[in-house]
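The UniProt record's numbering numbers the first residue of the sequence shown as 1 and each following residue consecutively. From the three backbone atoms N, C-alpha and C, an ideal C-beta is built for every residue, glycine too. Bear in mind the structure is a predicted one, so any value in this text is a computation, not a measurement.
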Amino acid sequence: MVGQVENELEVNVPSAVLWDIYKGLELGRIGSRLLPGIFERVEVVEGDGSVGTILKIVFPKGSLVPYHKEKFTVIDNEKRLKVAEVIEGGFLNLGFSFYHVYLQIIEKDEKSSIIKSTIKFEVEPGSEADSSLITIKAMQLVAEAIGKYLTDEKI
């Protein structure tokens, strides 16, 4: 079974400013600082924030999954799109064969943007994995926190 969940959030932040945070390693640094209840820590396993970078994201004790490793597979500066594929742990340990996170910054006008977060997943054939476990809530909270952080910073 293939599925996806998505969220769009409009923020009063220029798309170029948002993309500077979302395209590389800043998102993990800021996200883990602003939302310690969502992410315990984000570690760079390999890379500099470009395609091929691997992160280990550790979730707080009691989370459904303790950690996952993700690899940046697409960073498209023109489309302001980043794709990260979970390559170890996380939902892969729960019977999912595919779990990708798509983050896109869409320019609305010169002073506002839309943060579009999408999770695409696939359950292994014959698996007992429960697709209802997949939620976009964490990415929604990250988008809200980043938007508020940047708005409060008076960019």
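Buried or exposed for residue i, going by 16 or more other Cβ atoms inside 10 Å?
i    : result
S113 : buried
V83  : buried
L103 : buried
I155 : Bear in mind that a pLDDT of 48 at I155, under 50, signals an unreliable position, so the model cannot answer this.
K61  : exposed
Using CA coordinates, which residue listed in the options is at the minimum distance from residue i?
i    : options              : result
K148 : A16, G31, N7, E6     : G31
I54  : G89, I119, E110, I38 : G89
Are the beta-carbon atoms belonging to residue i and residue j less than 8 Å from one another?
i    : j    : result
H100 : K116 : no
G95  : E124 : yes
V65  : N93  : yes
E87  : K71  : Before going further, note that residue 87 is Ile rather than Glu in the sequence given. Cβ distance < 8 Å, so I87 and K71 count as in contact.
K69  : V45  : yes
L9   : A143 : yes
T73  : V42  : no
M1   : S132 : no
What residues in its chain sit with their C-beta under 7 Å from that of residue i, if we drop five residues either side in the sequence?
i    : result
I136 : V5, E6, N7, S117, I119
Y22  : K82, L103, I105
L141 : L35, I38
E128 : G95
Uninterrupted alpha helix (DSSP H) stretches inside the UniProt domain "Bet v I/Major latex protein" (1 to 150) (no shorter than 4 residues): 15 to 22, 26 to 34
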